[in-house]
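Remember, our numbering sits 152 above the position in the sequence shown when you count from 1.
Working notes for the structure below.
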Amino acid sequence: MSRTDDFEKRRVELYKANSRAWAGEDVFKTGASLDTSLKKNTAFIKRIRAGITKESEKQFIDGIRSTSLEKYLNEISSALCESLGKVSKNVDLQSAVEVVSSLHQRFTTKFTPFIELYFVNSFVHPTEKLAKKEEKDQATKTRNLLKLTMELYLTGVFRNLDDMPDSELPLFLMKLKNAKKGDIPVIIPVLKQVMSYEPDSGITLSVMTSFLKRFGSIIFEDNPRHEENYMIFIRRLFKSYTENAVAFTEKYYKNIIKMKATAKVIAIKTGKIVENMENTADELDLIFQEFKGYCEYACPMVGVELPKLEAEMEKGETSKVTLVQQTQKSNQLWDNEDMRRFYEDIPNLESIVSKEAIESVNSKIQVSDVKGAKIVDIISRLDIAETAKDVDDIVVDFWEWGLSNRASRNRLSKHIVELKDVSKFKNIARFLKINQKYFEKCIEDLITRLDKSFRFQIHHDTITEKDIIIFSELIKFKMVPIHVIFHKIRTLILNIEVNGNIDLLSLMFEGCSKILLYDDEYKDYTRELIQLLVQLYKTKKFSHSDKLAVRVFLLSLKPQRPRAQKKMELLKEERFLLYLIKTQLNKKTYKIVSNTIKCADWNNLTIYNRIEKIFSNAADVSYMNIKYLASIFKDLTLNSNHSLRTVVVDQVIEDITVGLENNDYQSSRTRIAQCIYFTEFVNQNIISKDLLVPMLYKIVCFGHSNNYPNKNTYAELDPPDDHFRIRLVSLMLNRLQPDILKKNQISLIITFIKFFNYYIFTKDQPLSVDLDSNLSEAYEHLRKYWKVDNVTKPKSYSEAVAELQSALSTKPTESNEEKDKEALDEDDNDASEASDGSEASSESDEEDDESDGEVDMNEAIGLKPVVQDNNYDESESDDGGSGEDESGDDSEDNSENDDSDESDIEEGKHEVVLDDDNDDGMDDPDQAFHEAKLDIEFKKILDESLQGNNSSSVNKGLLSDRIGTPESILYKLKNSEDSSPENSDKSVGRIKFTLLNRAGKKVQPKNILVPESSKIAMNVTKEQERLRAERDKIKNYVFRYSALIAGVAYGFTHDLSLKAAHAKKKEEEEYQRRIKLIAEAKEQYKLTHPPKKDESASFDLENPNLDFAKAIESAIASLDN
């Protein structure tokens, strides 16, 4: 019996004893006289603080029996808690349980609640981030105390929260106590508390792993001794914790792969390793390894799937086929077996050189001249070596002669630089590869020199062939880091237009193209860069010579081309069936096609599979002919071929689902055809009508969160700007024959329409005009048959929500008698259909066609389908109906030639205006019939006039003009209100049109009157009103802006003139003011300076006695004055 089983028995014994102690029994027997001396009690406390071990267990229990201890319980509790955190070994753990149980049995409530408080407070999360060392110590302590907590719970020492005083409980337990959950075992909140501490850091993974290793068998195996409810709760805790660990494992793994890939991309682009990203990836890898280790141990035990690591799965898959593909891969990489051995079979240095030679290489002291002669001999032998064995022998001699030193490495590096015959460098490269562990610095320096040489050659239009060949040889031996290799290739490609770069690239690939193209480590990068070169070749402008060089380089690589897929050869019968369905199927021929398919060899598996594919793919026919395809399918599977019906219906439903999943706009036509086909299955009772509403809900809700569209959430498969599902549902409702549905089915569809209206307003608004028109047509189509008013489109989102809530709260129900009656009627109908056979089916189809014609005629007249009138002319009705049918057939035949024609014809069919009595404002059925007949004849005239004499194609624009909209009804109601008695002559309610009929080169005009209520008249009138309104609007804009501009111009010029006049006036006033000031100054000067008399100014020049000298002096004196 194992030690674990022995201790489990001891757990049971301790559990019983401790439970009795909690009940108040005196379980622990002490001595007759207890030692109360201070020395004994103090010694006991010191021993406990020193630690509890297996060896000291008996001594502690004896001390508890013989010593008083009661006065020192606080000191004992403190010392015990300190030592329990250090207990880690299993044997010591069991001894600690024995000691604590003994103390509990003796002191119980005086001791145990306080020990329990210490334990639960030890699991409180630290408030601040701990350092790594403190974090590690905390995890160790938590691991020890958690195992002790579980052991004490299993042995009955720890019970529940009620045993501890409320005042000192930690917060995470106080919440439970306040919630009146004090009876919960203490181990459950403690486990939850430990698991919740930084779950993404993996700190608690080692704690939980250790816990499961000790108690996993107890937790995950039925044990009647423990309360099963609480054990189930612990299992759920571990399952949730393990599922989170699995999620984090997968997340960290993806992050590491992504980070390493990003680092590689950056390294390739820059040619340098990003150290920060590498360090972060290494740290994440350590955390990932911890999560992975826990998951590998815990997942099988807990019942959770192991994390899915994609790269490891791929590695496992590829390892299975390695041996099979090894020969083929070698043939791709190397020309022969000898070359493969030279480059791939690299021996381990320790396997060819003795350990003593490697370790004692530095102790072999020789004369420097001797060593120099020997290294020269080694280098010369490398130059003349021929085989891989020759190089291996040189390596052995190199180490046996003790030449592994810095001088020898420098001599070898110098020889590589001075090497003339580079063809022999492969021997040096193999020598370096074998000694890579001891020649790291030498290889690193060589790669750095080659890297600088490459950079210089790329940007300076030079070619050093020797360096390129050496670089290629190092690549073959995989001694060059990947980022260095592909950085050079990428830089060459991006600068391919620089002179000489294409030659560098060609020379490099000439030496190592095979290993770059086909080696698993390099091929993905190489193909990406070749694709980049191809893209540049197509987009960049090269000279003629460079373009030719790039083309030759690409051809020299000889990339693998995918094998051309062989076209499947079809049998003649298969081709004939496809021809019938794709080109000959229409309303007139579908019965003939059905009989022809019946005559096919159904026992031939190939023919049967082709028939199955034909009826599973409704996109091969036009929208108008899908109805007849469904009719043929019903005819073929009515009484037999139930397996064919099952397969086809299942395939159609699956295709609709796949279309919702892919949501590819390129397959829109196919998806529309599938939904119409499904609706025809319902119409023709091929499948149960109860399947219609679930399919409608599936189309609307697929891909949304919880299958419920929400305006505030984003669905990737159905974004808010994608209205295609609205188009699908509107087409299905348009194609639906409402008269085949029962009352409960109608109520379900009405409820769906309320939900559909809500769904519409979760999309971006407004809807496109054609989509809104199709939607209105669908609702009008259902209202006419069901005679209800609640099938309408609401005006706002809030109104749609209110209608949906109202519909869901007031859901109609049927009585049991009505349900039973409908079920009996349905059974009778099914039985009659099964007994009638294919002939009855054909007759019913004919009757359906006739009744369809009658319904269409009544709707065109504007009467309800159930109304009968004595004045109704059957011949006129049939003529009108046949005219419609002939026009429809022509459009169907022509629609098969072009997909765009098919879509136009389909829209034309769905959007024909169906006028009601009240809408036209006519109470006389004869007048209504006359109006409808005129519309039909006018459409026929328009078709004939636009077709021409020799043309048989339908005009697309005309058919698109037949589209009716709900606005036509409002328009007619408006006209009926505005009409007056004064204008009640022949031309009232008519619009004059002129038709131009071309007969050869002659153009003959013809005037006709068209009712105002017809679509073409409404369109023309509305267009004229729109143009008139636009013209008026433009006139108003022109007048207003002209007036504005004129006013601005006048104001500007008037302002300028006013300013100029004011400035001139101000200048004149200033001038006058200055003149006045000058005059006043002169007057003032005259008053203050009166003029003097000039006595010497007058003298007579004629006087002979004139003294000229005196006269001159007097004149000068007068000037001075």
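Cβ coordinates follow ideal geometry from the N, Cα and C atoms, glycine included.
Under the DSSP assignment, TRP551 falls in the alpha helix (DSSP H) whose first and last residues are 540-552. Secondary structure of LEU1161 (DSSP, three-state): strand.
Contact check for VAL543 against ARG582 passes: the beta carbons are separated by less than 7 Å. Distances from the CA of PHE180 to each of SER253, VAL164, SER229 and PHE196 were compared; the closest alpha carbon is that of SER253. Under DSSP, PRO337 shares a beta bridge with ASN312. The three-state reading of DSSP puts LYS740 in coil, since its state is none of H, G, I, E or B.
For TYR910, the enclosing alpha helix (DSSP H) covers residues 895-912. LEU729 places its beta carbon 7 Å or farther from that of VAL745. Taking C-beta atoms under 8 Å as the contact rule, ALA701 and ALA770 fail to qualify, at a distance of about 54 Å. The C-alpha of LEU436 is placed about 10 Å away from the C-alpha of SER353. Under the 8 Å Cβ criterion, the region 835-850 counts as touching the region 896-905, having at least three qualifying pairs.
Taking the Cβ atoms as the reference, PHE324 lies roughly 15 Å from PRO337, outside the contact range of under 8 Å. The way I'd put it, the region 389-405 doesn't touch the region 610-624; fewer than three beta-carbon pairs between them come closer than 8 Å. Rounded to whole angstroms, the gap between the alpha carbons of ALA952 and VAL454 is 49 Å.
Under the 8 Å Cβ criterion, the region 306-316 does not count as touching the region 344-353, having fewer than three qualifying pairs. Here DSSP, grouped into helix, strand and coil, assigns ILE197 to helix.
Contact between ILE599 and LEU659 is ruled out by a C-beta separation of about 18 Å, above the 8 Å threshold. Inter-residue distance for SER768 and ARG821 is about 15 Å (C-alpha atoms, whole angstroms). Residue environment: VAL704 is assigned as exposed (fewer than 16 neighbouring CB atoms within 10 Å of its CB, all protein chains considered).
For the pair HIS256 and ASN170, the CB atoms are nearer than the 7 Å cut-off. Cβ contact annotation for ASP335 (same chain, cutoff 6 Å, sequence separation greater than five): ASN312, in chain order. Judged by pairs of C-beta atoms under 8 Å, the region 260-268 touches the region 219-230, as three or more such pairs exist. The DSSP assignment places no complete run of the beta strand (DSSP E) inside the region 720-773 (cut-off: 3 residues).
When the Cα atoms are used, LYS936 and THR758 turn out to be separated by approximately 47 Å. Between LYS206 and SER247, the CB-CB gap stays under 7 Å. By the criterion of at least three beta-carbon pairs nearer than 8 Å, the region 664-682 is in contact with the region 623-634. The beta carbons of LEU869 and ASN815 sit closer together than 7 Å. Distance from PHE400 to ARG387 at the Cβ level is roughly 20 Å; contact not present, criterion being Cβ atoms closer than 8 Å. The alpha-carbon of ARG201 is positioned some 19 Å away from that of GLN290.
LYS241 sits in coil when the DSSP states are folded into three classes, being neither helix nor strand.
Under the three-pair Cβ rule at 8 Å, the region 642-653 counts as touching the region 682-697. Counting along the chain, TRP938 sits inside the alpha helix (DSSP H) bounded by residues 921-938. Spatial neighbours of TYR167 in its own chain (CB-CB distance under 8 Å, excluding positions within 5 residues in sequence) are listed in chain order as LEU306, THR307, GLY308 and ARG377. About 15 Å separates the Cβ atoms of ILE420 and ARG607, ruling out a contact at the 8 Å cut-off.
Boundaries for SER185: no alpha helix (DSSP H) harbours it, and the DSSP string shows neither H nor E there. CYS751 sits exposed, since fewer than 16 C-beta atoms from the chains shown fall within 10 Å of its C-beta.
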